[in-house]
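Numbering (this note's numbering), first residue to last: 42 to 266.
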């Protein structure tokens with residue numbers, strides 16, 4: 042059992058996600074729609090050269106786009122790396138440090154994200170700065186969750202494969218990453234659901250927590266899915 046199986050199962054139900062935005066109100070996306078959108082993004086990632094086992098830093102404030110990219114990684118056996126969108130040099134430096142410790146990283150975000158990271162490259166240690174020299178060639182600009190094109194085929198994913206890497210905020214030093222497998226996540230979710238023991242209708246979750254935070258991504262996105 043993997044997160045890919047969980048999303049496929051949820052896609053067969055009427056469930057989904059309601060997104061809220063200050064400027065655009067609310068919008069509902071079924072799990073079937075989320076899966077289809079993720080597979081279209083997976084096709085785009087593969088076209089760009091992203092391979093299974095590569096790491097993709099997801100840096101966007103657009104929650105619909107974030108979830109589409111996150112599940113594209115999950116369905117393609119690509120390691121998702123959620124990161125906060127940098128608003129200045131400090132945030133860009135954190136992304137730069139994360140980039141430098143990964144093996145085959147890509148960055149997906151809007152054009153300003155890559156520009157900010159490149160702008161602070163000279164403040165980083167030599168090894169990280171050298172790694173950042175390749176960032177432009179391995180950056181995909183994504184401005185909207187909406188995407189046209191074919192749906193990719195889902196990759197074979199194992200329960201011991203890494204689903205995503207959760208990095209610390211870096212407030213007390215360089216960000217540190219924790220590798221989280223599909224088995225880790227499903228075991229965690231099963232324990233949480235067992236503790237909730239909610240009778241009757243499936244529970245609804247409401248959250249304003251960022252999906253770059255472990256509570257946000259696990260409790261309020263993966264768990265309901």
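Just so you know, even glycine gets a beta-carbon here, dropped at the ideal spot from N, CA and C.
Sorted by chain position, which residues of the same chain lie with C-beta nearer than 6 Å to residue i's C-beta, five sequence neighbours on each side aside?
i, result
"residue 114", "97 and 121"
"residue 217", "209"
"residue 215", "138"
"residue 145", "95"
"residue 73", "52"
"residue 198", "43, 45 and 118"
Does residue i come within less than 8 Å of chain D when only Cβ atoms are used?
i, result
"residue 67", "As a matter of chain content, chain D is missing from the structure shown, which is built from one protein chain."
Taking its Cβ as the centre, do 16 or more other Cβ atoms sit within 10 Å of residue i, making it buried, or is it exposed?
i, result
"residue 45", "buried"
"residue 91", "buried"
"residue 101", "buried"
"residue 231", "exposed"
"residue 182", "exposed"
"residue 202", "buried"
"residue 99", "buried"
Along the alpha helix (DSSP H) that carries residue i, what are the first and last residues, could you check?
i, result
"residue 82", "72-89"
"residue 58", "Unbroken run through residue 58 is the beta strand (DSSP E), 57-62; no alpha helix (DSSP H)."
"residue 110", "104-116"
"residue 49", "44-51"
When every heavy atom of the ligand NAP is checked, does at least one fall within less than 7 Å of the C-beta of residue i?
i, result
"residue 82", "The model depicted lacks the ligand NAP and carries no ligand whatsoever."
Under DSSP, the beta strand (DSSP E) around residue i begins and ends at which residues?
i, result
"residue 147", "146-150"
"residue 142", "Per DSSP, residue 142 belongs to no beta strand (DSSP E); it is in the alpha helix (DSSP H), 130-142."
"residue 180", "180-182"
"residue 98", "96-100"
"residue 122", "120-123"
When DSSP builds the beta bridges, which residues end up paired with residue i?
i, result
"residue 222", "203"
"residue 68", "60"
"residue 208", "218"
Sufficient close CB pairs (3 or more, under 8 Å) joining the region 190-199 to the region 77-88: Contact between the region 190-199 and the region 77-88 is present, because at least three Cβ pairs lie under 8 Å.
- Message: Closer than 8 Å is the cut-off here; do at least three beta carbon pairs connect the region 46-56 with the region 146-161?
- Response: No: the two stretches stay apart, fewer than three of their Cβ pairs being nearer than 8 Å.
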